[in-house]
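The block underneath contains the structure these notes are about, expressed in C-alpha coordinates.
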Amino acid sequence: MLHEYRDVITHMKENGKEHAHFLRIFNKHNEIDDKITKGENGDVPLTDMELETLKKEKLKLKDEAYAILLQHKKEHNL
6 MLHEYRDVIT HMKENGKEHA HFLRIFNKHN EIDDKITKGE NGDVPLTDME LETLKKEKLK
66 LKDEAYAILL QHKKEHNL
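The sequence shown begins at 6 in the working numbering and counts up one residue at a time.
Shown next as C-alpha coordinates:
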(Lines of atoms letter the chains of each structure in order from A; the text may use other names.)
(Lines give C-alpha, C1' and ligand atoms only; values in the text may rest on other atoms or scores of the structure.)
Protein backbone atom coordinates (compact mmCIF):
# COMPACT_ATOMS: atom_id res chain seq x y z
CA MET A 6 0.00 0.00 0.00
CA LEU A 7 1.25 3.46 -0.95
CA HIS A 8 4.70 2.20 -1.93
CA GLU A 9 5.84 5.67 -2.94
CA TYR A 10 5.62 6.65 0.74
CA ARG A 11 7.76 3.84 2.16
CA ASP A 12 10.14 6.29 3.80
CA VAL A 13 7.30 8.11 5.57
CA ILE A 14 5.67 4.81 6.60
CA THR A 15 8.99 3.57 7.97
CA HIS A 16 9.42 6.81 9.93
CA MET A 17 5.93 6.41 11.38
CA LYS A 18 6.52 2.75 12.28
CA GLU A 19 9.71 3.67 14.10
CA ASN A 20 7.71 6.10 16.21
CA GLY A 21 4.80 3.72 16.69
CA LYS A 22 3.40 5.09 19.93
CA GLU A 23 2.84 8.46 18.30
CA HIS A 24 1.18 6.88 15.27
CA ALA A 25 -0.88 4.05 16.74
CA HIS A 26 -4.00 5.07 14.79
CA PHE A 27 -2.10 5.03 11.49
CA LEU A 28 -0.54 1.67 12.28
CA ARG A 29 -3.96 0.16 13.07
CA ILE A 30 -5.28 1.42 9.74
CA PHE A 31 -2.18 0.17 7.91
CA ASN A 32 -2.38 -3.29 9.48
CA LYS A 33 -6.15 -3.59 8.93
CA HIS A 34 -5.68 -2.61 5.27
CA ASN A 35 -3.08 -5.34 4.84
CA GLU A 36 -5.31 -7.94 6.55
CA ILE A 37 -8.21 -7.09 4.26
CA ASP A 38 -5.93 -7.15 1.22
CA ASP A 39 -4.78 -10.63 2.18
CA LYS A 40 -8.38 -11.81 2.65
CA ILE A 41 -9.38 -10.38 -0.74
CA THR A 42 -6.48 -12.13 -2.44
CA LYS A 43 -7.39 -15.44 -0.79
CA GLY A 44 -11.03 -14.96 -1.78
CA GLU A 45 -10.18 -14.19 -5.39
CA ASN A 46 -7.87 -17.21 -5.55
CA GLY A 47 -10.55 -19.46 -4.11
CA ASP A 48 -8.59 -20.20 -0.94
CA VAL A 49 -11.33 -18.62 1.21
CA PRO A 50 -14.99 -18.87 0.21
CA LEU A 51 -16.40 -15.37 -0.30
CA THR A 52 -19.44 -14.22 -2.20
CA ASP A 53 -19.18 -11.47 -4.78
CA MET A 54 -20.96 -9.16 -2.35
CA GLU A 55 -18.49 -9.97 0.44
CA LEU A 56 -15.56 -9.29 -1.91
CA GLU A 57 -17.09 -5.99 -2.98
CA THR A 58 -17.65 -4.96 0.64
CA LEU A 59 -14.06 -5.85 1.54
CA LYS A 60 -12.71 -3.90 -1.42
CA LYS A 61 -14.70 -0.81 -0.41
CA GLU A 62 -13.47 -1.07 3.17
CA LYS A 63 -9.89 -1.48 1.93
CA LEU A 64 -10.21 1.62 -0.25
CA LYS A 65 -11.64 3.63 2.63
CA LEU A 66 -8.71 2.62 4.85
CA LYS A 67 -6.24 3.47 2.10
CA ASP A 68 -7.76 6.92 1.69
CA GLU A 69 -7.57 7.53 5.43
CA ALA A 70 -3.98 6.29 5.62
CA TYR A 71 -3.03 8.47 2.65
CA ALA A 72 -4.41 11.58 4.34
CA ILE A 73 -2.47 10.80 7.51
CA LEU A 74 0.73 10.18 5.51
CA LEU A 75 0.45 13.47 3.67
CA GLN A 76 -0.11 15.36 6.92
CA HIS A 77 2.83 13.61 8.61
CA LYS A 78 5.07 14.24 5.61
CA LYS A 79 4.16 17.93 5.65
CA GLU A 80 4.64 18.31 9.42
CA HIS A 81 8.05 16.61 9.38
CA ASN A 82 9.35 17.89 6.04
CA LEU A 83 9.90 14.39 4.73
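Beta carbons: idealized from backbone N, C-alpha and C, even for Gly.
- Its Cα nearest to that of Thr58, the residue Lys40 stands out among Lys40, Gly47 and Asn46.
- Looking at the backbone, the Cα of Lys79 and that of Asn32 are separated by about 23 angstroms.
- Lys43 counts as exposed, since fewer than 16 other C-beta atoms from the protein chains shown sit within 10 angstroms of its C-beta.
- Per DSSP, Tyr10 lies in no alpha helix (DSSP H) segment and is marked neither H nor E.
- By the Cβ rule, the stretch 66 to 81 counts as touching the stretch 22 to 37, because three or more pairs are nearer than 8 angstroms.
- Under the three-state reduction of DSSP output, Asp48 falls in the coil class, being neither helix nor strand.
- Assignment of Asn20 by DSSP, reduced to helix, strand and coil, places it in the coil class.
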